[in-house]
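Enquirer: Supplied in structure tokens, the structure appears directly below.
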Amino acid sequence: MIRRPPRSTRSEFYSPTIKSGNSEAVNVLSEARKYLNPIQIIDVADIEPAKGLLICKLLPDSDYRLLIAGGDGTISWVFSSLQSLKLNPMPLSAVVPLGTGNDLSRELGWGTYFNGNFEFSKWVEDIYSTHVAQLDRWKVDIQPVRHLGFRLPIKSLSINNYFSIGVDALVALNFHRTRQSSLYFPSRIFNKLIYLVYGTKDILDQNCDGLEKQLSVYLDDKVLDLPELQALVVLNIDSWGAGVHPWSMGVGGVNAPEARFDDGLLEVIGVTSSFHIGQMQLGLSEPFRFGQAKRVKIEMLGNAPVQADGEPWEQGPCQIDICSNGQVPVLVKYE
1 MIRRPPRSTR SEFYSPTIKS GNSEAVNVLS EARKYLNPIQ IIDVADIEPA KGLLICKLLP
61 DSDYRLLIAG GDGTISWVFS SLQSLKLNPM PLSAVVPLGT GNDLSRELGW GTYFNGNFEF
121 SKWVEDIYST HVAQLDRWKV DIQPVRHLGF RLPIKSLSIN NYFSIGVDAL VALNFHRTRQ
181 SSLYFPSRIF NKLIYLVYGT KDILDQNCDG LEKQLSVYLD DKVLDLPELQ ALVVLNIDSW
241 GAGVHPWSMG VGGVNAPEAR FDDGLLEVIG VTSSFHIGQM QLGLSEPFRF GQAKRVKIEM
301 LGNAPVQADG EPWEQGPCQI DICSNGQVPV LVKYE
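Just so we're aligned: the sequence shown equals residues 1 to 335 in my numbering.
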């Protein structure tokens with residue numbers, strides 16, 4: 001039987017953490033301003049989360065709860081800021097999904113997308129239909145290969161959801177470039193259409209064909225024998241590609257080890273093409289399941305598109321090391 005957590009005897013302090021810039025974010029900001037002091041509302045378009053969240057240190061005797069309104073990238077940014085502040089106890093976080101994929105929001109039960117209506121008072125009440133869980137976070141260190149004998153600096157970042165190399169990252173990268181265009185129109189339907197166009201285009205172009213020849217992958221120092229691939233995905237949560245459950249789906253998912261976001265393990269899968277991704281989204285196919293690991297190392301011999309929690313870029317030859325980066329407390333909404 002699921003029990004609602006008791007209301008705390010300590011004072012409660014709510015803080016929406018929002019990245020403004022579109023009508024959905026404006027809606028959330030407007031509603032929050034009806035109930036809260038402006039100092040409680042953190043607009044990360046104007047102030048870095050680490051600076052805005054310093055208010056947590058001024059209220060050590062409060063149960064501090066964050067409402068993070070944004071996509072997966074914004075959530076990751078806020079969580080990294082929370083960890084850098086070394087708050088004890090760390091605030092509990094809930095989500096309003098304002099992104100395109102919203103995979104972490106799906107995993108935590110806060111919904112697949114923002115429907116345009118946000119009632120702050122209802123969100124506060126929803127807090128008491130949640131339970132607290134610990135979300136694993138992972139550090140990704142990317143060491144480029146030496147250039148002209150010089151060691152290039154390591155790029156370090158943290159992820160909540162997944163890190164991938166290949167065709168899914170290519171689609172995300174093309175979408176990202178379109179979003180930077182002056183012709184871009186911010187709309188969820190428009191975003192999905194763009195993703196469909198680029199996914200279809202790659203089925204024809206096959207730009208990531210032969211990816212397996214460019215990669216050496218180690219799960220806890222055990223090397224993988226890779227089949228033909230166009231994408232390698234390292235998962236922390238079982239939601240990817242806007243709601244696909246790649247680890248647990250299908251017949252193979254029944255016999256696969258359980259995937260949890262609090263177990264200190266990563267799941268590693270492979271995808272053969274954009275068409276394969278489309279089949280998975282329809283529940284008609286499954287990925288290659290390579291296994292679980294506490295640490296994943298990847299040697300990349302050539303250039304390839306990569307993405308971390310939906311933030312894509314083009315990466316040159318490098319060594320990638322993914323290891324534990326602690327946990328953050330999150331609020332999981334009961335169904």
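Cβ coordinates follow ideal geometry from the N, Cα and C atoms, glycine included. Small disclaimer: the values here were computed from a predicted structure and weren't measured.
S164 and V234: beta carbons closer than 8 Å?
Expert: Residue 164 sits at position 164 when you count from the first residue of the sequence shown. Residue 234 sits at position 234 when you count from the first residue of the sequence shown. Cβ atoms of S164 and V234: closer than 8 Å.
Enquirer: Using 8 Å as the cut-off, can you tell me whether the segment 62-69 makes contact with the segment 77-91, which would need three or more C-beta pairs spanning the two stretches below that distance?
Expert: Under the three-pair Cβ rule at 8 Å, the segment 62-69 counts as touching the segment 77-91.
Enquirer: Comparing alpha-carbon positions, which option in D262, C318 and E311 lies nearest A133?
Expert: For the purposes of this step, residue 133 is taken as residue 133 along the sequence shown, with counting starting at 1. The shortest Cα separation from A133 among D262, C318 and E311 belongs to D262.
Enquirer: May I ask you to report which of helix, strand or coil DSSP gives A25?
Expert: As a first step, residue 25 must be located in the sequence shown, where it is residue number 25. It is helical.
Enquirer: So is Y162 buried or exposed if we call it buried at 16+ other beta carbons inside 10 Å?
Expert: To locate residue 162, count along the sequence shown from 1; it is residue 162. With 16 or more other Cβ atoms within 10 Å, it is buried.
Enquirer: Taking only the alpha-carbon atoms, compute the straight-line gap between Q327 and L82 and give it to the nearest angstrom.
Expert: As a position in the sequence shown, residue 327 is number 327, starting the count at 1. As a position in the sequence shown, residue 82 is number 82, starting the count at 1. If you take the alpha carbons of Q327 and L82, they lie about 11 Å apart.
Enquirer: Could you check how far apart the C-beta atoms of I159 and D309 are, in whole angstroms? I think they sit under 8 Å.
Expert: What you label residue 159 is simply residue 159 of the sequence shown in a count that begins at 1. What you label residue 309 is simply residue 309 of the sequence shown in a count that begins at 1. Confirmed, Cβ separation roughly 5 Å.
Enquirer: Helix or strand or just coil, what does DSSP make of N174?
Expert: Along the sequence shown, read from residue 1 onward, the residue named residue 174 stands at position 174. N174 falls in the helix class under three-state DSSP.
Enquirer: Out of G283, H276 and G291, which has the shortest C-alpha to C-alpha gap to I269?
Expert: Along the sequence shown, one-based indexing puts residue 269 at 269. It is G291 whose Cα lies nearest to the Cα of I269.
Enquirer: According to the neighbour-count rule (16 or more other Cβ atoms, all chains shown, within 10 Å of its Cβ), is L284 buried or exposed?
Expert: The residue labelled residue 284 in the question sits at position 284 within the sequence shown. Exposed.
Enquirer: Check whether the segment 117-131 and the segment 25-45 are in contact - that is, three or more C-beta pairs closer than 8 Å.
Expert: yes
Enquirer: May I ask you to report which of helix, strand or coil DSSP gives K57?
Expert: Your numbering for residue 57 matches position 57 in the sequence shown. Helix at K57.
Enquirer: Could you check whether the segment 240-257 touches the segment 103-113, counting it as contact only if at least three pairs of C-beta atoms, one from each stretch, sit closer than 8 Å?
Expert: yes
Enquirer: Near S248, what residues of its chain come up, given a Cβ to Cβ distance below 6 Å and the 5 sequence neighbours on each side ignored?
Expert: Translated into the one-based positions of the sequence shown, residue 248 becomes position 248. Correct list, in chain order: D238.
Enquirer: Buried or exposed for N236, please, with buried defined as at least 16 other CB atoms from any protein chain shown within 10 angstroms of its CB.
Expert: Here residue 236 is taken as the residue at index 236 of the sequence shown, counted from 1. Label assigned to N236: buried.
Enquirer: Consult DSSP for G52 and reduce its assignment to one of helix, strand or coil.
Expert: Along the sequence shown, read from residue 1 onward, the residue named residue 52 stands at position 52. Three-state DSSP puts G52 in a helix.
Enquirer: Is it right to say E228 is buried, meaning 16 or more other beta carbons lie within 10 angstroms of its own, or is it exposed?
Expert: Sequence index remark: in the sequence shown, residue 228 carries index 228 (1-based). Exposed: under 16 other Cβ atoms inside 10 Å.
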